[in-house]
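For the sequence shown, this note's numbering assigns the number -11 to the initial residue and increments by one for each residue that follows. Just so you know, even glycine gets a beta-carbon here, dropped at the ideal spot from N, CA and C.
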Amino acid sequence: MFMSTLGSERGPEVQRPGQLLLFSTIFFLFSVFIGAIITVHPLYLNQFLEKAELVGLVAAISSLAGMAFSIPTGVLSDKLGRKRLLIASFILLSFVLLVFFLNTSLYALIVLQIAFGFAMAPAWIVSEAFIKDISPIGRRGEFRSVFGTFANAGMFVGPVIGGLLADRFEIRTPYLFSAILLLASLLLVFKLKDYNNRDNSDSTRNAKSNGIRRADLLAVLKEFRQHRELNVLALCTVSLFFWYSARWVFGPLFLHHLGYSPFVIGVWIGISAAPFLLFQIPLGKIGDKSGKTKLICLGFVISTIFIIPLGFLTSLSSLLVTIFVISLGTTLVEPLIEARVTDIAPRERYGAYSGILEFAKTTGSLLGPVSSALFVYLFGISYSFIPSVILFILTLALFLYTRQSLCKASTSLPMRTP
């Protein structure tokens, strides 16, 4: 109750649609880079490792690195501001991508995977924290969905570009393209206004001199652990990114196994982003009005049903339709989880809570390839998506149980007289 009050007692003083548009444009470009990379990255890793299950294990290394730095990075963004961390992240990512383009060593590849995860974490944490900073109360689902629509438009365009570059030139070309694109987008980052930095200037000065204290991290984790709904939302996030990582790593390998070209793989990944592009904003508005938790539950049901047959399909049309419907389900889930967390969390700790959710995302991104790799090793690549089905079912059951318990608890509270 304490956290809910803090989170809702004051939203941004002024609605900032201009900053929302600018920031969303930056992450459209950022997502183009991600889309271009994820199309070819499993195939790039496969050149060094040759076995699909080993690709899954090595791909998980970057998630492990991101997970280690996510919560401290979130706390740091509350103290130093969002803009500085975003600039540092973009510069480091550009350098890492350039080295990926040049690399020929397996040992260097492991180091690059670690550096990639370390550099990616601040970008995602800052993105979610910044949107929380500027989202007005009553329109949080809408604002997060506008941002998500731009980001997923990049995920729609990026894989097609990445697949086309790989087909026309060679498998490394998308890394060079993405490094250049990321540096170019820095020009827009400098135009951002850091509202968190302005509102917390005293904290910023203290952070410069004292850094992140262990007590700060423990206080955030204790506060988070005491809130039951946030714990379940974090588990939902783990499940969601478990599926995303399994799709990103084993989707291209599965389609390559069926004989499809990198361009077709890029189209398939692009189609997976189409529902976010088409439906995210209206669904965000519906979530603000009718309740976010209902749509989250519905999304998990839809995705679970359609992931089950995915690894056993062979025709391109059925593969495209199925991934579209699965992504329609996740479109109901991902932005509304973030919007619901914004409803609950204290505004002065948006960065810290974005860091916790990023920890949940990277945990899912770590477990997804590892678990799927085990199934691939035991049963074959057609079974690579089955662990996602199992986790989705368990998450949905816990989500429904917790929601029912919270409803009972709220109705059993004694009435207070005015």
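Pairing CB atoms from the stretch 63 to 76 with CB atoms from the stretch 137 to 152, are three or more of them under 8 Å? no
What would DSSP say about A333, mapped onto helix, strand or coil? In the sequence shown, residue 333 corresponds to position 345, counting from 1. Reduced to three states, the DSSP call for A333 is coil.
Beta carbon of G151 nearer than 8 Å to that of F57: As a first step, residue 151 is located in the sequence shown; it is residue number 163 there, counting from the start. As a first step, residue 57 is located in the sequence shown; it is residue number 69 there, counting from the start. For G151 and F57, no; Cβs fall outside 8 Å.
Can you check which of these residues, L266, V309, L37 and A361, is closest to G136 by C-alpha distance? Position 148 of the sequence shown holds residue 136. For the residues L266, V309, L37 and A361, the minimum Cα distance to G136 belongs to L266.
Between the alpha carbons of L362 and H215, how many angstroms are there, rounded? By one-based count along the sequence shown, residue 362 stands at place 374. By one-based count along the sequence shown, residue 215 stands at place 227. Roughly 34 Å separates the two Cα atoms.
Check whether the Cβ atoms of I26 and I257 sit closer than 8 Å, and answer yes or no. As a position in the sequence shown, residue 26 is number 38, starting the count at 1. As a position in the sequence shown, residue 257 is number 269, starting the count at 1. Yes, Cβ-Cβ distance for I26 and I257 is below 8 Å.
Based on Cα-Cα distance, which residue from L218, L100 and L10 lies nearest to L386? Along the sequence shown, read from residue 1 onward, the residue named residue 386 stands at position 398. The shortest C-alpha separation from L386 is found at L218.
Can the beta-carbon of A103 be found less than 8 Å from the beta-carbon of V84? Walking along the sequence shown from the start, residue 103 turns up at place 115. Walking along the sequence shown from the start, residue 84 turns up at place 96. The answer is yes: Cβ separation under 8 Å.
Which value, in whole angstroms, describes the spacing of the CA atoms of E211 and C224? Mapped onto the sequence shown, residue 211 falls at position 223. Mapped onto the sequence shown, residue 224 falls at position 236. If you take the alpha carbons of E211 and C224, they lie about 19 Å apart.
Under the three-state DSSP convention, the category Q268 falls into: Here residue 268 refers to the residue found at position 280 when the sequence shown is read from its first residue. Reduced to three states, the DSSP call for Q268 is helix.
So, are the CB atoms of F242 and G44 less than 8 Å apart? As a first step, residue 242 is located in the sequence shown; it is residue number 254 there, counting from the start. As a first step, residue 44 is located in the sequence shown; it is residue number 56 there, counting from the start. Not in contact: F242 and G44 (Cβ atoms no closer than 8 Å).
For P357, name the three-state secondary structure that DSSP assigns. As a working note, residue 357 is residue 369 in the sequence shown. In this structure, P357 counts as helix in the three-state DSSP scheme.
Using only CA atoms, which one of T161, A172 and A96 lies nearest to L17? To locate residue 17, count along the sequence shown from 1; it is residue 29. Nearest C-alpha to L17: A172.
Residue range of the unbroken alpha helix (DSSP H) whose run includes S233: The residue labelled residue 233 in the question sits at position 245 within the sequence shown. That run of the alpha helix (DSSP H) goes R216 to H245.
Around the Cβ of L9, are there at least 16 other Cβ atoms within 10 angstroms (buried) or fewer (exposed)? Numbered from its first residue, the sequence shown carries residue 9 at position 21. Flag for L9 reads exposed.
Where the alpha helix (DSSP H) through P110 begins and ends: Against the sequence shown, residue 110 aligns to sequence position 122. Unbroken alpha helix (DSSP H) run through P110: L94 to I122.
What's the gap between the Cα of L90 and the Cα of K273? Position 102 of the sequence shown, counting from 1, holds the residue named residue 90. Position 285 of the sequence shown, counting from 1, holds the residue named residue 273. Roughly 45 Å between the two C-alpha positions.
Skipping 5 residues on each side, what residues in its chain have a beta carbon closer than 7 Å to that of L388? As a first step, residue 388 is located in the sequence shown; it is residue number 400 there, counting from the start. Closer than 7 Å at Cβ, skipping near neighbours: C285.
From F165 to E41, what distance separates their C-alpha atoms? Along the sequence shown, read from residue 1 onward, the residue named residue 165 stands at position 177. Along the sequence shown, read from residue 1 onward, the residue named residue 41 stands at position 53. The straight-line gap from Cα to Cα measures roughly 28 Å.
Span of the alpha helix (DSSP H) holding I293? Along the sequence shown, one-based indexing puts residue 293 at 305. Where I293 is concerned, the enclosing alpha helix (DSSP H) stretches over K280 to I295.
Stretch pair the stretch 343 to 358 + the stretch 289 to 296: three plus CB contacts closer than 8 Å: no
For H29, which of R328, F373 and Y163 has the nearest alpha-carbon? As a working mapping, residue 29 is identified with position 41 in the sequence shown. Of the candidates R328, F373 and Y163, the one whose C-alpha sits nearest the C-alpha of H29 is Y163.
Which of the three DSSP states is assigned to F363 in this structure? Here residue 363 refers to the residue found at position 375 when the sequence shown is read from its first residue. Here F363 sits in helix by DSSP.
For L301, does the three-state DSSP call read helix, strand or coil? The count along the sequence shown starts at 1 and reaches residue 301 at position 313. For L301, the secondary structure class from DSSP, reduced to helix, strand or coil, is coil.
In angstroms with no decimal places, state the Cα-to-Cα distance between S12 and A109. By one-based count along the sequence shown, residue 12 stands at place 24. By one-based count along the sequence shown, residue 109 stands at place 121. Using only the alpha carbons, I get a separation of about 18 Å.
Alpha-carbon spacing of I325 relative to A340, whole angstroms: Translated into the one-based positions of the sequence shown, residue 325 becomes position 337. Translated into the one-based positions of the sequence shown, residue 340 becomes position 352. Whole-angstrom Cα-Cα distance: 16 Å.
Three-way DSSP call (helix, strand, coil) for S249 in this model: Start at 1 with the first residue of the sequence shown, and residue 249 comes out as number 261. DSSP places S249 in coil when its eight states are reduced to three.
Straight-line Cα distance separating V208 from P60: Taking the first residue of the sequence shown as 1, we reach residue 60 at position 72. Taking the first residue of the sequence shown as 1, we reach residue 208 at position 220. Near 10 Å, if we compare the C-alpha coordinates of V208 and P60.
What do you get for K179, buried or exposed, if any count of 16 or more other CB atoms within 10 angstroms of its CB means buried? Here residue 179 is taken as the residue at index 191 of the sequence shown, counted from 1. By the neighbour-count rule (16 or more Cβ atoms within 10 Å), K179 is not buried but exposed.
So, is Y95 buried or exposed, given that buried needs 16 or more other C-beta atoms within 10 angstroms? For this step, residue 95 is matched to residue 107 along the sequence shown. Classification of Y95: exposed, given that the 10 Å Cβ count is below 16.
Where the alpha helix (DSSP H) through R70 begins and ends: Residue mapping note: residue 70 aligns to position 82 of the sequence shown, counting from 1. R70 to L90 is the extent of the alpha helix (DSSP H) around R70.
Taking R132 and I119 to be in contact with their CB atoms under 8 Å, please state how far apart those CB atoms are, rounded to whole angstroms. For this step, residue 132 is matched to residue 144 along the sequence shown. For this step, residue 119 is matched to residue 131 along the sequence shown. Confirmed, about 6 Å.
Quick one, are the C-beta atoms of S376 and A261 less than 8 Å apart? Taking the sequence shown and counting its residues from 1, one reaches residue 376 at position 388. Taking the sequence shown and counting its residues from 1, one reaches residue 261 at position 273. No, they are not a contact pair.
Please state whether the Cβ-Cβ distance between L33 and A47 is less than 8 Å. As a working mapping, residue 33 is identified with position 45 in the sequence shown. As a working mapping, residue 47 is identified with position 59 in the sequence shown. Taking 8 Å as the cut-off, the beta carbon of L33 is found closer than this to the beta carbon of A47.
Is R127 closer than 8 Å to D331 when the C-beta atoms are compared? Sequence index remark: in the sequence shown, residue 331 carries index 343 (1-based). Sequence index remark: in the sequence shown, residue 127 carries index 139 (1-based). In this structure, R127 does not lie closer than 8 Å to D331 by Cβ.
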